[in-house]
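Take a look at the structure below.
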Amino acid sequence: MSLKLVMFYGSARSSRQGIKAARFIKRQCEARGHQVSLIEPLSHPLPLLDKMYKEYAEGEAPSVLQQMAEAISAADAFVVVSGEYNHTVPPGLSNLMDHFLEQYYFKPSAIVSYSAGPFGGVRAAMTLRAMLGELGTPSIPSTLPISQVHKAFSDEGDALDTAYEKRADKFLTELEWYAHALKRAREHGCKRAACESSEAGVGKS
Numbered sequence: 001m002s003l004k005l006v007m008f009y010g011s012a013r014s015s016r017q018g019i020k021a022a023r024f025i026k027r028q029c030e031a032r033g034h035q036v037s038l039i040e041p042l043s044h045p046l047p048l049l050d051k052m053y054k055e056y057a058e059g060e061a062p063s064v065l066q067q068m069a070e071a072i073s074a075a076d077a078f079v080v081v082s083g084e085y086n087h088t089v090p091p092g093l094s095n096l097m098d099h100f101l102e103q104y105y106f107k108p109s110a111i112v113s114y115s116a117g118p119f120g121g122v123r124a125a126m127t128l129r130a131m132l133g134e135l136g137t138p139s140i141p142s143t144l145p146i147s148q149v150h151k152a153f154s155d156e157g158d159a160l161d162t163a164y165e166k167r168a169d170k171f172l173t174e175l176e177w178y179a180h181a182l183k184r185a186r187e188h189g190c191k192r193a194a195c196e197s198s199e200a201g202v203g204k205s
């Protein structure tokens with residue numbers, strides 16, 4: 001079954017290489033029949049966070065923020081493609097995602113991390129896992145780290161090593177399982193029940 005996915009990518013550098021990884025994952029998702037909206041700083045320029053989307057009166061949010069809100073609200077799941085800057089996520093990625101909150105709730109996310117070195121951005125991935133959980137879009141157990149990203153894909157997003165296609169297949173199969181499971185739960189009203197339990201303090205120490 002087709003899913004609506006939003007992919008976040010955080011680098012705005014003129015020589016950015018991670019966009020190749022984003023294009024690769026986007027193509028892999030589309031080949032599986034999913035709709036993918038790519039949100040990244042150059043095509044979706046936002047100022048440094050001052051007001052979240054929810055803090056604007058209806059109809060007063062900047063058009064780019066409104067477009068993003070509509071895409072995120074309609075999504076079934078998220079794929080986050082992150083480089084590693086000083087052992088954490090790029091500031092551009094955090095700024096994109098921090099403008100929203102409720103739009104993420106009860107939907108899963110999946111982390112693709114990359115670096116120019118051998119470790120594939122795994123330290124940023126661990127930071128990102130905590131961040132996504134706090135936003136309300138917990139990440140699936142698996143991640144997809146990509147080492148030497150500048151050598152891994154063509155400019156168009158073709159894998160230069162077919163091992164990445166096999167790894168992506170397993171990774172996306174896992175995301176699909178969680179996305180479909182949570183979509184069914186939302187459709188059956190479990191979201192409302194979870195919200196009511198949270199407001200009542202159920203499960204809190």
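UniProt numbering puts the first residue of the sequence shown at 1, with every later residue one more than the last. Glycine residues also receive a C-beta, built at the ideal position from the N, C-alpha and C atoms.
Expressed to the nearest angstrom, what Euclidean distance is found between the alpha-carbon atoms of T173 and S142?
Numbered from its first residue, the sequence shown carries residue 173 at position 173. Numbered from its first residue, the sequence shown carries residue 142 at position 142. Counting only the Cα atoms, S142 lies some 11 Å from T173.
CB-CB length for T88 against T137, believed under 8 Å
As a position in the sequence shown, residue 88 is number 88, starting the count at 1. As a position in the sequence shown, residue 137 is number 137, starting the count at 1. So it is not a contact: roughly 18 Å between Cβ atoms.
Confirm, please, whether the CB-CB distance from V149 to residue 213 is below 8 Å.
Nothing can be reported for residue 213, as the shown portion of the chain is limited to 1 through 205.
Which complete beta strand (DSSP E) runs does the stretch 65-152 hold, if anything under 3 residues is left out?
77-82, 109-114 and 139-146, all fully within the stretch 65-152.
Which same chain residues end up closer than 7 Å to A75 when comparing Cβ atoms and leaving out the 5 residues on each side of it in sequence?
Taking the first residue of the sequence shown as 1, we reach residue 75 at position 75. Excluding residues within five positions, the ones whose Cβ falls inside 7 Å are K4, L5, V6 and K107.
Buried or exposed for K151, please, with buried defined as at least 16 other CB atoms from any protein chain shown within 10 angstroms of its CB.
Stepping through the sequence shown from its first residue, residue 151 is reached at position 151. K151 is exposed by the Cβ-count criterion.
For K4, three-class secondary structure by DSSP:
Start at 1 with the first residue of the sequence shown, and residue 4 comes out as number 4. K4 falls in the strand class under three-state DSSP.
Whole-Å CB distance - I72 paired with Q28, under 8 Å assumed
In the sequence shown, counting from the first residue as 1, residue 72 sits at position 72. In the sequence shown, counting from the first residue as 1, residue 28 sits at position 28. The pair is not a contact, with the Cβ atoms about 21 Å apart (cut-off 8 Å).
Which of the three DSSP states, helix, strand or coil, is assigned to A31?
Numbered from its first residue, the sequence shown carries residue 31 at position 31. Three-state result, A31: helix.
According to DSSP, is L38 helix, strand or coil?
Taking the sequence shown and counting its residues from 1, the one referred to as residue 38 is at position 38. Shown here, L38 sits in a strand according to DSSP, grouped into three states.
Beta-carbon proximity list for R186, same chain, < 7 Å, skipping 5 on both sides:
What you label residue 186 is simply residue 186 of the sequence shown in a count that begins at 1. F106.
For the stretch 152-162 against the stretch 117-126, are there 3 or more C-beta pairs whose distance is under 8 Å?
These segments do not touch.
With burial defined as no fewer than 16 other Cβ atoms inside 10 Å of the residue's Cβ, what is the status of K20: buried or exposed?
Walking along the sequence shown from the start, residue 20 turns up at place 20. Burial call: buried.
Between which residues of its own chain and I146 is the CB-CB distance below 6 Å, once the five residues before and five after are set aside?
Sequence index remark: in the sequence shown, residue 146 carries index 146 (1-based). The answer, listed in chain order, is A21, Y114, G120 and A152.
From the DSSP output, read off the bridge partner residues of Y9.
Counting from one through the sequence shown, the residue named residue 9 turns up at place 9. Its beta-bridge partners are V81.
I want to check one thing, is the minimum distance from the CB of F106 to the heavy atoms of the ligand PLP below 7 Å?
The ligand PLP is not part of the structure shown, which contains no ligands of any sort.
Can you give the beta carbon distance from L42 to M97, rounded, assuming they're within the 8 Å contact cut?
The residue labelled residue 42 in the question sits at position 42 within the sequence shown. The residue labelled residue 97 in the question sits at position 97 within the sequence shown. That belief does not hold up - the Cβ atoms of L42 and M97 are roughly 16 Å apart, past 8 Å.
I140 versus L38: straight-line alpha-carbon distance, rounded
Along the sequence shown, read from residue 1 onward, the residue named residue 140 stands at position 140. Along the sequence shown, read from residue 1 onward, the residue named residue 38 stands at position 38. Whole-angstrom Cα-Cα distance: 19 Å.
Straight-line Cα distance separating A163 from K170:
The residue given as residue 170 occupies position 170 in the sequence shown. The residue given as residue 163 occupies position 163 in the sequence shown. Answer to the nearest angstrom: the Cα atoms are 11 Å apart.
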